[in-house]
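Numbering-wise, this note's numbering puts 45 at position 58 of the sequence shown, and it's gapless, one number per residue.
For each residue, glycine too, the CB sits at the ideal point set by N, CA and C.
Being a predicted model, the structure only gives us computed values, none of them experimental.
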Amino acid sequence: MKLRVLVVEDSRFFQRRMVEMINTDPELEVVGVAANGIEAIEQNKALSPDVITMDIEMPEMDGISAVRRIMREKPTPILMFSVLTTDRAQETLAALDAGAIDYLPKRFEDLSKNTETARRLLCERIRSVANRQRVSLPAHMAAIGSVARTAHAPLPTRISAGQPAIKAKHRSPVELVVIGASTGGPVALQLVLSALSADFPVPILISQHMPGTFTPAFAQRLSRVCAMTVSEVVDGERLVAGRAYIAPGGRQTLVKRCNGALCAEVREAADDDIYRPSVDITFRSVAQHCGEKALAIVLTGMGADGREGARHLKESGASVWAQDESSSVVFGMPGAVIDAGLADEVLPLVDIGAQLIKKI
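Here it is as structure tokens:
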């Protein structure tokens, strides 16, 4: 049975192009089109599609508002389409917070300059989103996300409403926590980091598949809702306790030693690098420079990026955790690590923050 797709897009040209590309896939079928958010809500109720592709900027009702209504009234997996610019990054991240599972560039040329490759990648992503669940933030997390942190505002240090974040009682031999994520990662990372206090005793380095125009906004968003300071890491920066660092999109981030301290090395990606940033590349460098003093976590994501890096980490004596299937939006990355026998712990997303506090 074909997966039923609802296309939501105000541009007639882009509507036609989307429908043509999707309908070439034998496993997909476009069952309806909508020109704005209001029509999307109505068509979702009438047609019960398996997946919705959603533009962000539309007349009458924008895509973010439509996502919120759909998730409240008749939840359906949603794939957002966004222009990959810095100005649009916050809107796309807001759509993910609202309930969308993933996003793709609106310009297919940003997927691939080869039209057939772009079509294949588009259809693969639609199928993946259609078959996956939405992992929701707890209500208090969504509330935290609406409040910007300022230099004079008290830091949010809670893992649930009214409770202080648990603090580490002793210093652990762990020197660095390194996290890899892809599809579903932005929401998952917000949940994990919000469980940690501002004085978390080791730095956290995060490799999240995301374009370079989005990672600065993503870091700013996390820093507003978490007790820890979160920033996009820069080349040569020393990694210090109580901070989380986002690897820049479009490049590769490694760790190295600078006079004994851990520092970031940000370099240009090679032409044949599939993922930018690559979890495997980051993990391998952590294995080399931290060894058994590293703790790696593989969160929700498509594909198997992180598996080979996790193998290097295990060989160096490091611990590797993986998110469990039931809480993953896409179980590809953590599943690959688990299937390879590389995971020391398999944990639900909601438990990872608390387990980090116990471990470190």
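| Item | Value |
| --- | --- |
| Would you report the Cα separation of Ile284 and Ala297, rounded to the nearest angstrom? | 9 Å |
| On a Cα-Cα basis, can you pick out the residue from Ser315, Leu180, Gln310 and Val212 that is closest to Ala231? | Leu180 |
| Can you give the Cα-Cα distance for Val17 and Asp89, rounded to whole angstroms? | 19 Å |
| Pick out whichever of Leu249, Lys61, Leu176 and Ile9 has its Cα sitting closest to the Cα of Leu286. | Leu176 |
| By Cβ distance below 6 Å, which residues in the same chain neighbour Ala27 in space, the five residues on each side in sequence not counted? | Val(-5), Ala21 and Ala53 |
| Am I right that Glu252 and Val242 are in contact with their C-beta atoms under 8 Å? What's the rounded C-beta distance? | 7 Å |
| Terminal residues of the continuous beta strand (DSSP E) containing Ile193? | Ile191 to Gln195 |
| Hey, could you find the ends of the beta strand (DSSP E) Thr269 is sitting in? | Thr269 -> not in any beta strand (DSSP E); alpha helix (DSSP H) instead, spanning Val266 to Cys277. |
| Reducing DSSP to helix, strand and coil, say where Thr200 ends up. | coil |
| Once DSSP output is grouped into helix, strand and coil, what is the label at Arg94? | coil |
| For the candidate residues Ala234, Ala185, Glu279 and Glu295, whose alpha-carbon lies nearest to that of Ala323? | Glu295 |
| Skipping 5 residues on each side, what residues in its chain have a beta carbon closer than 7 Å to that of Met215? | Leu180, Leu183, Ala185, Phe187, Gly229, Arg230 and Ala231 |
| Looking at the secondary structure, which residues open and close the beta strand (DSSP E) in which Ser115 lies? | That residue, Ser115, is in no beta strand (DSSP E); its alpha helix (DSSP H) goes Thr102 to Ala117. |
| Can you confirm whether the segment 77 to 92 touches the segment 47 to 66 when touching is taken to mean that 3 or more C-beta pairs between the two stretches lie within less than 8 Å? | yes |
| Is it the case that the Cβ atoms of Ala117 and Pro62 are separated by a distance below 8 Å? | no |
| Quick test of the definition: if touching needs 3 or more C-beta pairs under 8 Å, does the segment 160 to 179 touch the segment 194 to 212? | yes |
| Leaving out the 5 sequence neighbours to the left and right, which residues in its chain are closer than 8 Å to Asn10 when beta-carbon positions are compared? | Glu16 and Val17 |
| Look at Val220 and Pro235 and say whether their C-beta atoms are less than 8 Å apart. | yes |
| Measuring alpha carbon to alpha carbon, tell me which residue in Glu302, Val165 and Cys110 is nearest Thr240. | Val165 |
| Identify which residue in Ile233, Val227, Leu178 and Asp260 has its Cα closest to the Cα of Leu249. | Val227 |
| Between which two residues does the alpha helix (DSSP H) harbouring Lys346 extend? | Leu336 to Lys346 |
| Which residue marks the beginning of the alpha helix (DSSP H) containing Leu178, and which one marks its end? | Gly172 to Leu180 |
| Can you name the residues that DSSP bridges to Ile57? | In the DSSP output, where bridge partners are listed per residue, Ile57 has none listed. |
| So who's on the other strand from Asp42, going by DSSP bridges? | Phe68 |
| Compute the beta-carbon to beta-carbon distance between Gly293 and Val266, rounded to the nearest angstrom, for a pair I have assumed lies under 8 Å. | 4 Å |
| In terms of residue numbering, what span does the alpha helix (DSSP H) encompassing Leu300 cover? | Arg294 to Glu302 |
| If distances are taken between C-alpha atoms only, which option among Gln77, Met48 and Gly19 comes closest to Pro36? | Gly19 |
| Tell me the DSSP secondary structure of Ala327 in three-state form. | coil |
| Determine the closest residue to Leu108 out of Ile344, Met289, Ala204 and Thr269, with distance taken between C-alpha atoms. | Met289 |
| Might you give, ordered along the chain, the residues of its own chain that have their beta carbon closer than 6 Å to the beta carbon of Glu44, omitting 5 neighbours on each side? | none |
| CB-CB under 6 Å to Ala291, same chain, minus the five flanking residues each way: which ones, in chain order? | Ala323 |
| The beta strand (DSSP E) with Thr73 in it runs from where to where? | That residue, Thr73, is in no beta strand (DSSP E); its alpha helix (DSSP H) goes Thr73 to Ala85. |
| Quick check on Val134: does DSSP put it in helix, strand or coil? | Residue placement at Val134 is poorly supported in this model, since its pLDDT is 32, which falls under 50; the coordinates are not used for a value here. |
| Helix, strand or coil for Ser35, going by three-state DSSP, please let me know. | coil |
| Straight-line CA distance for Met128 to Met5? | Confidence at Met128 is low in this model, with a pLDDT of 38, below 50, so the placement of that residue is unreliable and no value is reported for it. |
| Go to Glu7, then tell me how far its alpha helix (DSSP H) extends in each direction, as first and last residue. | Arg(-1) to Asn10 |
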